[in-house]
Amino acid sequence: MTYFFLSCVIVAAVYGAISAKNKGILIKQGAPAVLALVANLLA
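Mapped onto full-length UniProt numbering, the consecutive letters of the sequence shown carry residue numbers 1 to 43.
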């Protein structure tokens with residue numbers, strides 16, 4: 001379940017960065033979600 005919600009946050013960050021043409025969204029929202037997903041996969 002955690003993987004699903006983290007994936008949703010990553011998809012939202014990518015979509016937001018593309019639609020708003022603002023790469024800051026990808027870094028501010030997507031990077032923590034990717035790090036959390038990797039941490040969960042390694043745990």
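Cβ atoms here follow ideal geometry from the backbone N, Cα and C, with glycine treated the same way.
The structure displayed is predicted, hence computed values, not measured ones.
So, helix, strand or coil for residue i, using DSSP?
{"i": "residue 43", "result": "coil"}
{"i": "residue 21", "result": "coil"}
Taking the straight line between their C-alpha atoms, what separation do you get for residue i and residue j?
{"i": "residue 24", "j": "residue 38", "result": "21 Å"}
{"i": "residue 11", "j": "residue 42", "result": "21 Å"}
{"i": "residue 30", "j": "residue 1", "result": "18 Å"}
{"i": "residue 40", "j": "residue 18", "result": "26 Å"}
{"i": "residue 21", "j": "residue 15", "result": "10 Å"}
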